[in-house]
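If you use the working numbering, the sequence shown corresponds to residues 408 to 544, in order.
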Amino acid sequence: MYTNLAFVNGIILAIMIFLNGILANIIGPYMSTLVFHLLGLILIIIISIIKKNKFSNLKKIPLLLFIPGILSVITIFLNNICIPKIGLTLTIGITLFGQIIMSSFVEHFGLFGMPINKFKKEKLLELSIISIGMIFM
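Shown next, in the form of structure tokens:
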């Protein structure tokens, strides 16, 4: 089930990045990033109110855990800059490659509380194949 959800998430992510790239071409990367996150904020506030989530719990969260919000803005902004220059497929491909490298690093060292999953030599072949694919894109 979770692999199917991850697959659907990948489809949604590609559509989102594509549409936001179009918006960035029309109103610019800064405004597009603002619109993207403003609409997301409005939607999640509505969902949180409907679900009766407690906003007071936010006070208990360590500041470090707010960094993903900042990284989200940076990610969308960088996508908005890259898509018009190198296209959607290459942008997503290189982004996924970066995610694979970083997640391998995080798992290998058990960073951020992740269970340690040591890097295996077999992954080098996989990463090499992906790298060759990036060259031909």
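Yeah, the Cβ is synthetic: ideal placement off N, Cα and C, and Gly gets one too.
Can you tell which of the options has its C-alpha closest to the C-alpha of residue i?
i	options	result
I507	C489, F484 and I537	I537
A431	C489, L472 and L412	C489
T496	E514, F425 and S510	F425
I481	M541, K466, P436 and K528	P436
M544	S479, I501 and M438	I501
L420	N486, P475 and I433	N486
N524	S535, L532 and M509	M509
I493	F473, I418 and M541	M541
L465	F473, M423 and K458	F473
F519	P475, E533, S535 and L532	P475
Could you pull the start and end residues of the alpha helix (DSSP H) that residue i belongs to?
i	result
S463	No alpha helix (DSSP H) contains S463, which DSSP labels as neither H nor E.
M438	P436 to I457
M541	E529 to F543
K525	No alpha helix (DSSP H) holds K525; DSSP gives it neither H nor E.
P469	Element bounds for P469: n/a, residue is neither H nor E.
F512	L495 to F516
Is the beta carbon of residue j closer than 8 Å to that of residue i?
i	j	result
H515	F504	no
I483	F443	yes
G428	P491	yes
Can you give the beta carbon distance from residue i to residue j, rounded, assuming they're within the 8 Å contact cut?
i	j	result
S511	K530	6 Å
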